[in-house]
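S.K.: Chains V and D, in that order, give the protein sequences. Position 90 of the first sequence, counting from 1, maps to 90 under this note's numbering, and the rest follow consecutively. Each position in the second sequence, counted from 1, maps to that position plus 111 in this note's numbering. For every residue, glycine included, the Cβ atom is placed at its ideal position computed from N, Cα and C. Following this message is one structure expressed as structure tokens.
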Amino acid sequence: RKEVEQDPGPFNVPEGATVAFNCTYSNSASQSFFWYRQDCRKEPKLLMSVYSSGNEDGRFTAQLNRASQYISLLIRDSKLSDSATYLCVSDGSSNTGKLIFGQGTTLQVKP
Amino acid sequence: GAVVSQHPSWVICKSGTSVKIECRSLDFQATTMFWYRQFPKQSLMLMATSNEGSKATYEQGVEKDKFLINHASLTLSTLTVTSAHPEDSSFYICSAPEARNEQFFGPGTRLTVL
Chain V
1 RKEVEQDPGP
11 FNVPEGATVA
21 FNCTYSNSAS
31 QSFFWYRQDC
41 RKEPKLLMSV
51 YSSGNEDGRF
61 TAQLNRASQY
71 ISLLIRDSKL
81 SDSATYLCVS
91 DGSSNTGKLI
101 FGQGTTLQVK
111 P
Chain D
112 GAVVSQHPSW
122 VICKSGTSVK
132 IECRSLDFQA
142 TTMFWYRQFP
152 KQSLMLMATS
162 NEGSKATYEQ
172 GVEKDKFLIN
182 HASLTLSTLT
192 VTSAHPEDSS
202 FYICSAPEAR
212 NEQFFGPGTR
222 LTVL
């Protein structure tokens, strides 16, 4: 079983739609979680950190449920430029800076 | 934000040759850097942790004699793929944590072994 699991998609949505991505993690000792965005043939870029209290950055909302070991990302009012692969990432309980990446969920926003 | 560079951005080589990839932190010092590999449509997989002034720490299943890592200074780590074979063709990405522990990724190196 992978330590961080995501539905690879693809998710095809029209502009303006709201889309939600889910992610589960198996290591209950994991401390920190993140959503990264990766464009085709590029490096991943940090989208946002994820906290139990939930956090919002503009159209993006991330949520962590430690009891269920579940992380979510909600994108409202999707833009064409949101098309990318979204990577769910944990620190795998390590305090060394290592990151454990999920497979990624591909989003394609259509006009 | 902090910048991490990689060189080369892409390389094509013949089977059996060695390829060196450089990872530099341009405006901050990094005692630790990480090397990842990503195959098409797959996740980034951590290969090793590069430690300035000491040996690298390799993840399970990664051959340390094949993937040589040298962290020569606080701003430079190199990954050498020795005797490369077609199955080593992949996207190699380094990252470095900056002072506030945010990870910054290099732009990646696409390696194709013929």
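1) Within a Cβ cutoff of 6 angstroms, which residues of the same chain sit near D:Asn-181, ignoring the five residues on either side of it in sequence?
2) What does DSSP give as the partner residues of V:Glu-45 in its beta bridges?
3) Could you tell me which chain V residues have their CB closer than 8 angstroms to the CB of D:Phe-178, listed as they occur along the chain?
4) CB V:Ser-93 to CB V:Ser-52, shorter than 8 angstroms?
5) Identify whether V:Ser-81 lies in helix, strand or coil by the three-state DSSP scheme.
6) If you check the beta carbons only, do V:Ala-17 and V:Leu-74 fall under 8 angstroms apart?
7) Can you list, in chain order, the residues of its chain whose CB lies under 8 angstroms from that of V:Phe-11, leaving out five sequence neighbours each side?
8) Applying a beta-carbon distance threshold of less than 7 angstroms, which residues of chain V neighbour D:Glu-213?
9) Kindly indicate which residue of V:Pro-111, V:Pro-8, V:Asp-7 has the alpha-carbon position closest to the one of V:Lys-79.
10) Judging by CA-CA distance, which residue of D:Met-158, D:Ser-184, D:Leu-185, D:Thr-186 is the nearest neighbour of D:Lys-175?
11) For V:Leu-107, decide whether its Cβ has a neighbour in chain D, counting only Cβ atoms nearer than 8 angstroms.
M.R.: The answer reads as follows:
1) The answer, listed in chain order, is Thr-189.
2) Residue 45 of chain V is actually Lys in this sequence, not Glu. V:Arg-37, per the DSSP bridge assignment.
3) Within 8 angstroms Cβ-Cβ: nothing; D:Phe-178 doesn't reach chain V, min ~16 angstroms.
4) no
5) helix
6) no
7) Val-19, Phe-21, Thr-105, Thr-106, Leu-107, Gln-108
8) Contact note: D:Glu-213 reaches chain V through Leu-46, using a C-beta cutoff of 7 angstroms and chain order.
9) V:Pro-111
10) D:Met-158
11) Judged by the 8 angstroms Cβ criterion, V:Leu-107 is not in contact with chain D.
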